[in-house]
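Chemist:
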Amino acid sequence: MHRLLTLTLVGLVTLVLPGGGPRAGFPAYAQMAMPRAASPGETPPAPATPPVVGAWRWDRDLAHPNTRLAYGVFHADGTYEEVSTGFGTAVGVWQATGARSISATYVFQDLASDPAVVEPGVITIRLQADVTPSGNVLAARFTYDARTLDGVLVEHGGPDAAQGARVTVAPQGPLGASAGLWSLAAPGQPGGARAVAYPAPSSRVTTLTPGVGEQHDTRLAG
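The working numbering puts the sequence shown at residues 164 to 385.
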């Protein structure tokens with residue numbers, strides 16, 4: 164028994180005495196737990212980019228696809244921006260809640276869903292989303308509340324489902340001659356206004372509709 168105790172004490176002393184390990188004076192188990200510090204002049208490894216960072220195409224009415232669309236950008240600094248044809252532009256913040264999940268809060272400043280109408284107010288969206296393993300789809304749930312500028316609650320709802328598809332770089336095509344800048348249809352064909360904004364020294368902009376040409380002076384005063 165005395166010999167066994169002596170051997171045990173010698174082993175412990177060997178761990179803590181100088182020369183007993185990579186760092187003298189530290190027990191071996193403590194050295195194993197200590198993180199490696201970057202040496203002077205060494206650049207620490209960059210953290211992995213969260214999978215949600217990037218641009219997304221939102222579909223907010225899954226029962227009627229492609230009827231309520233918006234585009235959003237999750238920035239790496241934790242800010243978020245979204246544009247829609249109804250309520251304008253929203254800004255907000257997001258944070259990671261897991262390896263592939265996030266929460267976000269953002270606000271619009273227009274209560275009117277009609278792009279031709281502006282009704283000042285605040286719509287607050289609170290969203291939770293998960294990035295699928297492919298990294299290209301967001302499955303989301305969100306709630307909202309709409310208030311007047313003086314804080315009166317007008318409407319609220321949720322949770323509702325939404326789905327995001329990652330916007331990726333696509334190849335050009337199809338290529339071919341066009342009738343004009345951004346032209347999508349020949350004059351007289353359905354499709355509404357087409358050619359727009361030809362730069363000119365006078366700063367005049369020509370807007371063409373099928374069969375009609377109108378000029379609008381956009382020069383700034385002064």
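Note that beta-carbon positions come from the ideal geometry of N, C-alpha and C, so glycine has one too.
1. Please report the residue range of the beta strand (DSSP E) in which A250 lies.
2. Taking contact to mean 3 or more Cβ pairs, one atom from each stretch, closer than 8 Å, check whether the segment 315-331 and the segment 214-232 are in contact.
3. Between which two residues does the beta strand (DSSP E) carrying S266 extend?
4. Between which residues of its own chain and V246 is the CB-CB distance below 7 Å, once the five residues before and five after are set aside?
5. Between the beta-carbon of Y243 and the beta-carbon of G255, is there less than 7 Å?
6. Please go through the same chain and pick out, in chain order, the residues whose beta-carbon is closer than 8 Å to the beta-carbon of G284, but skip the five residues on each side of it.
7. Looking at the structure shown, is V236 part of a helix, part of a strand, or coil, going by DSSP?
8. Considering V300, what are the terminal residues of the beta strand (DSSP E) in which it resides?
9. Which residues in the same chain as L225 place their Cβ atom closer than 8 Å to its Cβ, once the five residues preceding and following it in sequence are excluded?
10. Report yes if the C-beta distance between D293 and S266 is below 7 Å; otherwise report no.
11. Can you have a look at A303 and say buried or exposed, based on whether 16 or more other CB atoms are within 10 angstroms of its CB?
12. Please decide whether R220 counts as near chain C, where near means a Cβ-Cβ distance under 7 Å.
13. Leaving out the 5 sequence neighbours to the left and right, which residues in its chain are closer than 7 Å to G321 when beta-carbon positions are compared?
14. Nearest CA to the CA of P213: which residue from R231, N229 and D240?
15. Shortest alpha-carbon distance to H238 belongs to which of G336, W221, R223 and W257?
16. Terminal residues of the continuous beta strand (DSSP E) containing L290?
17. Which same chain residues end up closer than 8 Å to P228 when comparing Cβ atoms and leaving out the 5 residues on each side of it in sequence?
18. Specify the secondary structure class of L316 as computed by DSSP and reduced to three states.
19. Roughly how many angstroms separate the alpha carbons of G249 and D277, rounded to a whole number?
20. Report the CB separation of V270 from I286 in whole angstroms; it is logged as a contact under 8 Å.
21. Given I288, which residues of its chain have a CB within under 6 Å of its CB, disregarding the five upstream and five downstream residues?
Modeler: Inspection of the coordinates gives the following:
1. Taking the first residue of the sequence shown as position 1, residue 250 is located at position 87. In the sequence under discussion, the amino acid at residue 250 is Phe, which differs from the Ala named in the question. Neither: F250 is in no beta strand (DSSP E) and is coded neither H nor E.
2. These segments touch.
3. The residue you call residue 266 lines up with position 103 of the sequence shown. Boundaries of the beta strand (DSSP E) harbouring S266: S264 to D273, taken from the DSSP string.
4. In the sequence shown, residue 246 corresponds to position 83, counting from 1. Contacts found: A233, Y234 and T252.
5. Taking the sequence shown and counting its residues from 1, one reaches residue 243 at position 80. Taking the sequence shown and counting its residues from 1, one reaches residue 255 at position 92. It is a contact, given that the beta carbons lie within the stated cut-off.
6. On the sequence shown, position 121 is the one that residue 284 refers to. Cβ within range, chain order: Q272, D273, L274, A309, R310, T311, L312 and V317.
7. Within the sequence shown, numbered from 1, the residue matching residue 236 stands at position 73. In the structure shown, V236 sits in a strand (DSSP, three-state: E or B).
8. Residue mapping note: residue 300 aligns to position 137 of the sequence shown, counting from 1. V300 to R310 is the extent of the beta strand (DSSP E) around V300.
9. Taking the first residue of the sequence shown as 1, we reach residue 225 at position 62. Contacts found: A324, A325 and Q326.
10. Here residue 293 is taken as the residue at index 130 of the sequence shown, counted from 1. Here residue 266 is taken as the residue at index 103 of the sequence shown, counted from 1. Contact flag unset, no.
11. Locating residue 303 in the sequence shown gives position 140, counting from the first residue. Buried.
12. No chain C is present in this structure, which holds just one protein chain.
13. For this step, residue 321 is matched to residue 158 along the sequence shown. Cβ within range, chain order: F305, T306 and Y307.
14. Here residue 213 refers to the residue found at position 50 when the sequence shown is read from its first residue. Comparing C-alpha distances from P213 to each of R231, N229 and D240 shows the shortest one belongs to D240.
15. By one-based count along the sequence shown, residue 238 stands at place 75. Selected option, being the one with the closest Cα: W257.
16. Residue mapping note: residue 290 aligns to position 127 of the sequence shown, counting from 1. Element bounds for L290: P283 to V294.
17. For the purposes of this step, residue 228 is taken as residue 65 along the sequence shown, with counting starting at 1. Taken in chain order, the residues that qualify are D222.
18. By one-based count along the sequence shown, residue 316 stands at place 153. In this structure, L316 counts as strand in the three-state DSSP scheme.
19. Locating residue 249 in the sequence shown gives position 86, where the first residue counts as 1. Locating residue 277 in the sequence shown gives position 114, where the first residue counts as 1. Each residue's alpha carbon lies about 6 Å from the other.
20. Working through the sequence shown from its first residue, we reach residue 270 at position 107. Working through the sequence shown from its first residue, we reach residue 286 at position 123. Approximately 7 Å separates the beta-carbon atoms of V270 and I286; this is inside 8 Å, confirming the contact.
21. As a working note, residue 288 is residue 125 in the sequence shown. Counting only Cβ-Cβ distances below 6 Å, and skipping sequence neighbours, we find Y269, F305 and Y307.
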